[in-house]
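S.K.: The sequence shown begins at 4 in the working numbering and counts up by one.
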Amino acid sequence: MTLDPFYLIVDRAAWLPRLLPQGVKLVQLRAKEMDEAALRTEIATARDYCERYGAQLVVNDHWKLAIEAGCDFVHLGQEDLEVADLPAIRRAGMRLGLSTHDEAELETALACEPDYVALGPVYPTILKAMRWAPQGLERITAWKARIGAVPLVAIGGLTIERAAGCFAAGADTVCAVTDVLLNADPEKRAREWIAATRVAA
4 MTLDPFYLIV DRAAWLPRLL PQGVKLVQLR AKEMDEAALR TEIATARDYC ERYGAQLVVN
64 DHWKLAIEAG CDFVHLGQED LEVADLPAIR RAGMRLGLST HDEAELETAL ACEPDYVALG
124 PVYPTILKAM RWAPQGLERI TAWKARIGAV PLVAIGGLTI ERAAGCFAAG ADTVCAVTDV
184 LLNADPEKRA REWIAATRVA A
């Protein structure tokens, strides 16, 4: 499969009517600190917005709710992978993205036959505390050589200026979070990301 070269992560579905019209086609909903009822509503809302704008929705972590909502893509971290029911995810026809940070995690991920592998953090990130050092562009090249045709997503501390280097190193897709969401003009920044990644990818 192929992924859009620009992958946006948002923490709330409320971002989507602002950013999807800018041309975003691949978006992950990573909603934290919400109870199950609120999450259920949040996922359904995000699903509906993505359907309206022809975008691909990836649900972070909450695979049961994603199946219930009829979503077609879930992203799991390594801790979530340990407790997830992968056969149930596959039976539901869902695609699977997995996070990796080191060689052991890559081996675990590849054994699950994911639809993409994310590598990060490529650069230092302010999004969350990480116990892993920045991976750097060389790790992107090594990871891509290992995974072959499986799409590789670069994430962590990325800016538009850094995206071209990630693509040159072998990434298929680059992911942004704070560079868009914390920008003074998120809509304009999303358009700039899309323009840059269409050229560089």
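A virtual CB, placed ideally from N, CA and C, is assigned to each residue, including glycine.
So which of A167, A114, A145, V62 has the shortest CA-CA distance to G45?
M.R.: In the sequence on display, residue 45 carries Glu and not Gly. Here the closest residue by C-alpha is V62.
S.K.: A69 and G100 - do their beta-carbons sit closer together than 9 Å?
M.R.: No.
S.K.: What alpha helix (DSSP H) runs, 4 residues minimum, are completely inside the stretch 139 to 202?
M.R.: List check, alpha helix (DSSP H) in window: 139 to 150, 163 to 172, 181 to 184.
S.K.: Throw me the rounded Cβ distance for the A58 and V27 pair, which I believe falls under 8 Å.
M.R.: Their Cβ separation, rounded to whole angstroms, is 6 Å, which keeps A58 and V27 in contact under 8 Å.
S.K.: Taking Y56 as the reference, which of R21, D83, K67 has the closest Cα?
M.R.: When each option's Cα is compared against that of Y56, the closest is R21.
S.K.: What separation, rounded to the nearest whole angstrom, lies between the Cα atoms of R50 and C74?
M.R.: Using only the alpha carbons, I get a separation of about 7 Å.
S.K.: Taking C-alpha atoms, which residue in E106, L109, W66, A72 lies nearest to L89?
M.R.: Ranking E106, L109, W66, A72 by Cα distance to L89 puts W66 first.
S.K.: Quick one: what's A98 bridged to in DSSP?
M.R.: The residue asked about is misnamed: residue 98 is Arg in this sequence, not Ala. Per DSSP, F76.
S.K.: Figure out for me which residue from A148, R142, G160 has the closest Cα to the Cα of L184.
M.R.: For L184, the nearest C-alpha among the options comes from G160.
S.K.: By DSSP, does A121 sit in helix, in strand, or in coil?
M.R.: Three-state result, A121: strand.
S.K.: On the three-state DSSP scale, how would you describe T5?
M.R.: Here T5 sits in coil by DSSP.
S.K.: Take the Cβ of G173 as the centre, count every other Cβ of all protein chains shown within 10 Å, and call the residue buried at 16 or more, exposed below.
M.R.: That one is buried.
S.K.: Starting from V62, trace the beta strand (DSSP E) both ways and give me its first and last residue.
M.R.: It spans 59 to 63 - the beta strand (DSSP E) in which V62 sits, taken as one unbroken run.
S.K.: Counting only the same chain and skipping the five closest in sequence on each side, list residues whose C-beta sits under 6 Å from that of T103.
M.R.: Excluding residues within five positions, the ones whose Cβ falls inside 6 Å are L109, A112, V120, L122.
S.K.: State yes or no: is the C-beta of V153 within less than 9 Å of the C-beta of D105?
M.R.: For V153 and D105, no; Cβs fall outside 9 Å.
S.K.: How many Å lie between A171 and A40 at the Cα?
M.R.: Those two C-alpha atoms are separated by around 43 Å.
S.K.: CA-CA distance, L19 and A145?
M.R.: Taking the straight line from one Cα to the other gives about 34 Å.
S.K.: Work out the CA separation of A107 and Q81 for me, nearest whole Å.
M.R.: Q81 and A107: Cα-Cα distance of roughly 10 Å.
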